[in-house]
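Let me begin by presenting the structure, written as structure tokens, before commenting on it.
Numbering (the working numbering), first residue to last: 348 to 548.
So this is what it looks like as structure tokens:
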């Protein structure tokens, strides 16, 4: 049972600081032991867990209910994020988004102290990969990863907030889970080509 994470992403237009409606926010991450869906073995799999795409609402927001990610050798703990707009949504059992332009491609990082606490909990503690800290992660150090750090707090099933100073504990059938987190992504939408902007928190 992985630790649940509620992640709200807000997409803002840098031209006028207004919320961007119907932007496609695409998130993907590895599981508690560092494995991505669709790449579980040397043969590409058809699984799609911990991958999702949503369109922003009138407030420019989407909310993902996901898990605290694990890590794999050579990379610090992170979640991938891509923002697109101007495309078209289609659905055949799943949401697909075609066309448009990419306005943001980046990664969301976690404070190493949080990951240390999470690693004390099963199934994260079963991860056999060598852990990479933010300070030596190439993407973190070369792409201003400090600007992409999440601030988390733990909450129990009664949503009583506590500080993240001790390892999450089992409480009945549920694990203590990170609280809702809000991420604000600032993008410029007047360009006609793909580009990357920094995450702003």
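The beta carbon of each residue, even a glycine, is placed where N, CA and C say it ideally should be.
Sorting 491, 354, 493 by C-alpha distance to the C-alpha of residue 415 places 354 at the top. By DSSP's assignment, residue 371 forms a beta bridge with 402, 431. Here DSSP, grouped into helix, strand and coil, assigns residue 488 to helix. The DSSP-derived three-state label of residue 443 is strand. Measuring C-alpha to C-alpha distances from residue 383 to each of 419, 433, 466, 493 identifies 419 as the nearest. Spatial neighbours of residue 398 in its own chain (CB-CB distance under 7 Å, excluding positions within 5 residues in sequence) are listed in chain order as 375, 384. Inclusion of residue 471 and residue 421 in the CB contact set at 8 Å is not warranted, their separation being larger than that value.
Its chain contains 372, 409 as the residues whose beta carbon lies nearer than 6 Å to that of residue 401, once the 5 sequence neighbours on both sides are disregarded; these appear in chain order.
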